[in-house]
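First residue of the sequence shown: 1, per the UniProt record's numbering; consecutive thereafter.
Structure first, then comments.
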Amino acid sequence: MNIGDSLRFIRTKKNIKQKEMIPDHQDSSTYSRIENNQRVIKIDDLEAILLKLDIEADEFFSYASLDKEYEKFLHYYYYCANHPTNQTTKKHLLDIYFNIEKKRIKTIKDLSNYYAIKSYFHKFWDEVEEISNEEIDIIYNQLSQAKYFFGFEYKLLCNTISFFSKEQAKILIQKAYPIENESIRDYTTKKFAYNTLINLISITLHQKDYDLTKKYISIAKKSDKTNTNYSFRMNLKYLENLTNWIETGEPKYMQQITNFISILEDIGDFEHANNVKVEVKELTHHKDKDTKAPYAVGLIKES
Numbered sequence: 001m002n003i004g005d006s007l008r009f010i011r012t013k014k015n016i017k018q019k020e021m022i023p024d025h026q027d028s029s030t031y032s033r034i035e036n037n038q039r040v041i042k043i044d045d046l047e048a049i050l051l052k053l054d055i056e057a058d059e060f061f062s063y064a065s066l067d068k069e070y071e072k073f074l075h076y077y078y079y080c081a082n083h084p085t086n087q088t089t090k091k092h093l094l095d096i097y098f099n100i101e102k103k104r105i106k107t108i109k110d111l112s113n114y115y116a117i118k119s120y121f122h123k124f125w126d127e128v129e130e131i132s133n134e135e136i137d138i139i140y141n142q143l144s145q146a147k148y149f150f151g152f153e154y155k156l157l158c159n160t161i162s163f164f165s166k167e168q169a170k171i172l173i174q175k176a177y178p179i180e181n182e183s184i185r186d187y188t189t190k191k192f193a194y195n196t197l198i199n200l201i202s203i204t205l206h207q208k209d210y211d212l213t214k215k216y217i218s219i220a221k222k223s224d225k226t227n228t229n230y231s232f233r234m235n236l237k238y239l240e241n242l243t244n245w246i247e248t249g250e251p252k253y254m255q256q257i258t259n260f261i262s263i264l265e266d267i268g269d270f271e272h273a274n275n276v277k278v279e280v281k282e283l284t285h286h287k288d289k290d291t292k293a294p295y296a297v298g299l300i301k302e303s
């Protein structure tokens, strides 16, 4: 919903009349025009209106979208991820993809959306090509020159981390972590920052570079100090247990992995539980064989 529709929705749910919403310095028609999206609302006025509605700004903006274009991208992306053969939504997402492709100058949001589509849908759709080595270098240069990682930088990093060389990944992780101002970052930004590390730890495990795996586990343990993202903490602990089991063979680590799978099944996340089973089998039954991580926890896997 846009701002006006969101204000109307919340006001009516709270049984508040329009005339009760009018700030002291405004005439009676002003608020009506705001709800009808006929008047731009100033920040000070919005703050006063939210006080009258008795609702927090964060909750209000969970209803109101300030970026319809990105909201549309997310809708089609996640729907297509779960229904890749649906031709109607596929066309909508491909329209977004090709529109970005045609742009001579691409913003960081453009790059994030474009490569999110490429990194996942090249496996399903002929229209989408795999990310090339040249593109990886472009992404690497873009991220390595960033002075500060905001949300789209972390999203771009998360969805392309598996394509970088070991050295490129090391440099980017060094730049992006620890997360600056982590305590004031929004949930989505932190989710992608955390999932980047989960993906990278899984990748290095499959590459059998256990020293590098433990290095990234150590970096990850310094994130989410408030322990608010349980999905991240549990996936991290699983990967740490898997690393320890591969290196030592001690049964206690496999027991912890089995417990993790049981918890996933108990809460109904059978897809992720199966992914973990496949990964454990790959890494423990084929230790002499190089493999690629069979799943990613990036943009597709919400947490």
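For every residue, glycine included, the Cβ atom is placed at its ideal position computed from N, Cα and C.
Residue i vs residue j beta-carbon contact at 8 Å
i	j	result
Y31	I22	yes
I108	E153	yes
L283	A273	no
Y63	M1	yes
T213	L157	no
E127	L74	no
A169	L200	yes
M234	F260	yes
I217	E250	no
I117	D110	no
Y238	I219	no
K155	F192	yes
Environment of residue i [buried if 16+ CB atoms lie within 10 Å]
i	result
E56	exposed
V280	buried
S132	exposed
I49	buried
N36	exposed
F61	exposed
S112	buried
K301	In this prediction, K301 has a pLDDT of 45, which is less than 50 and means its spatial position is unreliable; nothing more can be read from the coordinates.
S119	buried
L172	buried
L236	buried
L7	buried
L242	buried
V297	Residue placement at V297 is flagged as unreliable, the pLDDT there being 41, under the threshold of 50; a coordinate-derived value is accordingly withheld.
N82	exposed
I3	buried
K147	exposed
K13	exposed
T204	buried
I34	buried
K19	exposed
T291	Bear in mind that a pLDDT of 47 at T291, under 50, signals an unreliable position, so the number given afterwards is only what the model happens to contain. Per the 10 Å Cβ criterion, exposed.
N15	exposed
N141	exposed
F124	exposed
Candidates the options: closest to residue i by CA position
i	options	result
V276	I198, Y216, G249 and D224	I198
F149	K190, I217, E240 and K91	K190
E71	N244, I96 and I179	I96
K175	D209, Q145 and K102	Q145
I138	I105, H92, K13 and F192	I105
I246	Y230, H206 and I219	H206
Y177	D211, K222 and K103	K222
S202	I34, L66 and S162	S162
T226	Y210, Y187, T248 and T258	Y187
D209	Y238, I179 and E167	E167
G151	T85, E180, Q38 and E134	E180
Q38	D5, F9 and S65	D5
I41	N86, F232 and L66	L66
I267	K17, V278, P84 and S231	S231
Integer-rounded CB distance, given that residue j should sit under 8 Å from residue i
i	j	result
R11	L46	With a Cβ gap of about 13 Å, R11 and L46 do not count as contacting.
Y115	T160	6 Å
I136	F164	6 Å
Y194	N229	6 Å
C80	K90	6 Å
Residue span of the alpha helix (DSSP H) that contains residue i, given as start and end
i	result
D45	I43 to L53
G151	G151 to T160
R11	I3 to K13
I214	Here the sequence assigns Lys to residue 214, which means Ile is not the residue at that position. Where K214 is concerned, the enclosing alpha helix (DSSP H) stretches over Y210 to K221.
residue 307	No information on residue 307 is available, as it lies outside the stretch 1 to 303 that the chain covers here.
S183	Run containing S183: none; DSSP gives neither H nor E here.
Min CB distance residue i to chain C below 8 Å
i	result
V278	The chain labelled as chain C is not found in the depicted structure, where only one protein chain is given.
Any non-hydrogen atom of the ligand SAM closer than 7 Å to residue i Cβ
i	result
H83	For the ligand SAM, the structure offers nothing, since it holds no ligand at all.
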